[in-house]
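When you line the sequence shown up against mature numbering (1 follows the signal peptide of the UniProt record, and there is no 0), it's residues -17 to -1, 1 to 376, in that order. In this text, a Cβ means the ideal position worked out from N, Cα and C, and glycines have one as well.
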Amino acid sequence: MVKLCITYSLLVFLVLAAIPHVILETVSTSLIQGVLRNSKKSNTLFSPVLLQDGLTQLYFGAEGNTAAELKSLLQLPGSSKSEAIDLYAHTNRELPQNVEINMANRLFVAEKAQILEEYQEQIKSLFDNTVGRVNFGNSAETVDIINTWFAEHTRQKITNMIDKTSDDTIAMLLSAIYFNGRWKHPFDKSSTKKAKFYSLNDEGEYKSIFVDTMLINADFRSNPIQELDAEIIDIPYANSNVSMVILLPNQKDGIDKLVSNLHKFHAHQLTPHGSRHNEYKTLLQLPKFKFEFKMELIPVLKELGVIDLFSKAANLEKITNNNPPIKVEKVIQKAMIEVDEIGSTAAAAQVLEIVFLSGTLNPRRFIVDRPFVFLIRDFERVYFAGRVGNPNQ
């Protein structure tokens, strides 16, 4: 087996004759649930859009059962791969306005490797993925090139993404996403205070800790979600259709139940961004948090039915007709997020290694004082998703 390293990302906004956003939403929810269920860390973060689009790039290079498993997970419409490619070719890639979302793709190919020209042209056309040649045998030089690329495309937020390369590697498909948004209703820094947050300790008990907590009284859209035994609130970014969504369990120990039922959640449970329906004057108490997270995602993908891609049965013959054949060795994503009174900053990168609401008189209270799930999204894609179990970590 020969190694092919891949990292990926692309943001696709959909129009008529493109992949329906309800499919992307369903796939995102499956990936989010899988990551949160498999992560043992109290604070977890990843970018569903990176994972979805990276897997799609692999799908376009796959054949046989490998392609069938990826198509099933991604729920790609159409009876053939050419039809799915055609749908992607007609997607609208315009990025949201008034928030900073930067995405980049780069395919680094080993000097000795033979990546099929048709595949290179396809990912260039569909994902704006450029190609460069490197010597993976010269590990120090190549590591510096790749880590510099990640740092440049995440505003220095993601550094040291990889620490070594192997002469067996034939390619790395790299992608990165960076987000920076300012709240529509900024929190007053003078109102930030220490407040209780119930966090799971090493003994498996929920105990209160004190964390820096922001406070604001403003109009927010919120709803109860009976299927999750939780509440949801939409915190918009200024002049944009992007928002942070908080899913807060009703019980302080309800985070596991929320995650296990996450597949029952759909974006339509909040009305379209900008609508005042379900908007209420709300006293929102939200902890500040900042953390990094890195995770190997192959166990998640296997759990979701993608098996052959990581075994000797992998069929990626549309990427290379190399002999011996190749398989995916690693799917690693590293991400960071910072949420404060001004807004949010987040970044992520991913590596796959392949081997040859209306106002009321009395404000509602939305008190985020226990573990919760969050999404940064618009009504097409989920850019970041995660869980906060301890804002101090």
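Would residue i and residue j be called neighbours here (beta carbons separated by less than 8 Å)?
i           : j           : result
residue 321 : residue 175 : no
residue 160 : residue 355 : no
residue 205 : residue 214 : yes
residue 58  : residue 10  : yes
residue 192 : residue 203 : no
residue 83  : residue 162 : yes
residue 278 : residue 62  : no
residue 32  : residue 365 : yes
residue 373 : residue 222 : no
residue 314 : residue 16  : no
residue 114 : residue 103 : yes
residue 110 : residue 150 : no
residue 197 : residue 273 : no
residue 146 : residue 117 : no
residue 265 : residue 357 : no
residue 353 : residue 235 : yes
Roughly how many angstroms separate the alpha carbons of residue i and residue j, rounded to a whole number?
i           : j           : result
residue 276 : residue 368 : 12 Å
residue 167 : residue 220 : 5 Å
residue 158 : residue 133 : 8 Å
residue 207 : residue 370 : 19 Å
residue 130 : residue 143 : 6 Å
residue 209 : residue 86  : 36 Å
residue 2   : residue 72  : Its pLDDT being 47, under 50, residue 2 is placed unreliably by the model, and the measurement read from it follows with that caveat. When rounded, the distance between both Cα atoms is 10 Å.
residue 96  : residue 28  : 34 Å
residue 341 : residue 195 : Reliability of the predicted coordinates at residue 341 is poor, the pLDDT of 37 falling under 50, and the value obtained from them is presented with this limitation in mind. Rounded to the nearest angstrom, the two C-alpha atoms are 29 Å apart.
residue 218 : residue 183 : 26 Å
residue 363 : residue 70  : 15 Å
residue -13 : residue 293 : For residue -13, the predicted model reports a pLDDT of 34, less than 50, meaning its position is unreliable; a value from the coordinates is still stated below. Going by the C-alpha atoms only, they are around 12 Å apart.
residue 289 : residue 37  : 14 Å
residue 188 : residue 25  : 13 Å
residue 382 : residue 263 : Limits of the chain in this structure are -17 at one end and 376 at the other, which puts residue 382 out of reach.
residue 60  : residue 43  : 13 Å
residue 12  : residue 346 : 31 Å
residue 135 : residue 8   : 29 Å
residue 155 : residue 112 : 12 Å
residue 140 : residue 47  : 38 Å
residue 88  : residue 128 : 14 Å
residue 308 : residue 121 : 23 Å
residue 244 : residue 148 : 39 Å
residue 361 : residue 20  : 23 Å
residue 185 : residue 224 : 39 Å
residue 269 : residue 107 : 41 Å
Our contact map puts residue i next to residue j with C-beta atoms below 8 Å; I'd like the distance itself, whole angstroms only.
i           : j           : result
residue 331 : residue 317 : 7 Å
residue 99  : residue 301 : 7 Å
residue 267 : residue 359 : The pair is not a contact, with the Cβ atoms about 17 Å apart (cut-off 8 Å).
residue 211 : residue 248 : 6 Å
residue 299 : residue 34  : Between residue 34 and residue 299 the Cβ distance is about 18 Å, and since that is not below 8 Å, they are no contact.
residue 351 : residue 18  : At roughly 21 Å, the Cβ-Cβ gap does not stay under 8 Å, so residue 351 and residue 18 are not in contact.
residue 53  : residue 45  : 6 Å
residue 64  : residue 50  : 7 Å
residue 164 : residue 327 : 5 Å
residue 153 : residue 305 : 7 Å
For a cutoff of 8 Å on Cβ pairs, would you count residue i as touching chain B?
i           : result
residue 273 : Among the chains of the structure shown, chain B does not appear; only one protein chain is present.
Which residues share a DSSP beta bridge with residue i?
i           : result
residue 376 : Answer is none; residue 376 lacks a bridge partner.
residue 351 : Its beta-bridge partners do not exist; DSSP assigns none.
residue 316 : 278, 333
residue 197 : 269
residue 357 : 229, 369
residue 207 : 214
residue 322 : 272, 327
residue 160 : 86, 331
Can you give, in chain order, each stretch of the beta strand (DSSP E) that sits fully within the segment 209 to 289 and has at least 3 residues? 213 to 219, 226 to 232, 262 to 270, 272 to 279
To test your reading of the DSSP string, which unbroken beta strand (DSSP E) runs of 3 or more residues are found completely within the segment 90 to 132? 113 to 117
Alpha helix (DSSP H) runs contained entirely in the segment 3 to 40, provided each spans 4 or more residues: 4 to 21
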